[in-house]
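Numbering (this note's numbering), first residue to last: 212 to 488.
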């Protein structure tokens, strides 16, 4: 750990952040997972949170989604302090946030169309015909037209990612969160998913936050990159400035020399589940 401030690109005064994290620290028992993390995300930008496995990037995502309370510090989303929101208000806020989970997280017993329609059924009063039209529109946007009646098991890896993105944008969110969107895909399909994320940002004017350990993907889509190592933010800056960062830990990550800290995954998940409940 170091007390040296991370490299940052300052926000222009006119750009009020849609996401603001200030001095966020999180412990799981005796283990400190995030250490004094601060981060601002500008309207309409693609912010990539990058780090090796065990770096704390997924825990940061859980905080941004309001799934974990901070040990200390604040998380503000669309000018709302998440920790101060009631459950109904947090639910309303989440309706302005779309999430494409790692692996897709599609319900296996539902068709692709039903998966994409689910947020509309749960959070709107739209009639069935209108929802079906919206589902078809979103599926066309992600190049899945005609796949409404397929089951998730019938989809390829790339199609599953596209379906997850279609569900994530079903409510026309202000912020799109993507967890490892190109993981497990071959380079050609991964590149297509990266391009789709940029196209969605342009088409819907969304702010996009991507969590990934894939360097190629991060460099391809990011306006700025936040590099995390062992729970500490090392740099928040443009792709070029991240590449040129003199911090040895950043260069180790870029050159894939990072040693992953030893964490018992079963104990970690058990503790996380307990905290969420």
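For glycine and all other residues, C-beta sits at the position ideal for the given N, C-alpha and C.
Measure the Cβ-Cβ separation of residue 438 and residue 461 and say whether it is below 8 angstroms. One-based indexing of the chain shown puts residue 438 at position 227. One-based indexing of the chain shown puts residue 461 at position 250. Cβ atoms of residue 438 and residue 461: closer than 8 angstroms.
Same chain, Cβ closer than 7 angstroms to residue 450, five either side skipped, listed in chain order: Mapped onto the chain shown, residue 450 falls at position 239. The answer, listed in chain order, is 430, 433, 436.
Proximal residues to residue 283 (C-beta, below 6 angstroms), its chain only, five neighbours per side dropped: What you label residue 283 is simply residue 72 of the chain shown in a count that begins at 1. Scanning its chain for C-beta atoms nearer than 6 angstroms, with the 5 sequence neighbours on each side dropped, one finds around residue 283 the residues 236, in chain order.
Do residue 326 and residue 378 have their C-beta atoms within less than 8 angstroms of each other? As a working mapping, residue 326 is identified with position 115 in the chain shown. As a working mapping, residue 378 is identified with position 167 in the chain shown. If you check the CB distance, residue 326 and residue 378 come in under 8 angstroms.
Just the Cα atoms here: how many angstroms apart are residue 408 and residue 264? Here the question's residue 408 lines up with position 197 in the chain shown. Here the question's residue 264 lines up with position 53 in the chain shown. Rounded to whole angstroms, the gap between the alpha carbons of residue 408 and residue 264 is 23 angstroms.
Below 8 angstroms between beta carbons: does that hold for residue 163 and residue 244? Nothing can be reported for residue 163: it is not among the residues displayed for the chain, which extend from 212 to 488.
What's the gap between the Cα of residue 403 and the Cα of residue 369? Along the chain shown, read from residue 1 onward, the residue named residue 403 stands at position 192. Along the chain shown, read from residue 1 onward, the residue named residue 369 stands at position 158. When rounded, the distance between both Cα atoms is 9 angstroms.
Straight-line Cα distance separating residue 355 from residue 349: In the chain shown, the residue the question calls residue 349 occupies position 138. In the chain shown, the residue the question calls residue 355 occupies position 144. Computed Cα separation, rounded: 9 angstroms.
Would you decide whether residue 371 is buried or exposed? Buried here means 16 or more other CB atoms lie within 10 Å of its CB. Indexing the chain shown from 1 puts residue 371 at position 160. Flag for residue 371 reads buried.
Report the option in 360, 390, 299 whose CA atom is closest to the CA atom of residue 313. Within the chain shown, the letter at position 102 stands for residue 313. Comparing Cα positions, the closest option is 390.
In terms of residues, what are the limits of the alpha helix (DSSP H) holding residue 368? Position 157 of the chain shown holds residue 368. Secondary structure note for residue 368: its alpha helix (DSSP H) is the uninterrupted segment 368-379.
Compare the C-alpha of residue 359 against each of 238, 322, 365, 427 and name the closest. Counting from 1 along the chain shown, the entry for residue 359 is found at position 148. Per the Cα distances, 322.
C-alpha distance - residue 406 paired with residue 278, whole-angstrom precision: Residue 406 sits at position 195 when you count from the first residue of the chain shown. Residue 278 sits at position 67 when you count from the first residue of the chain shown. Looking at the two C-alpha atoms, the distance is approximately 29 angstroms.
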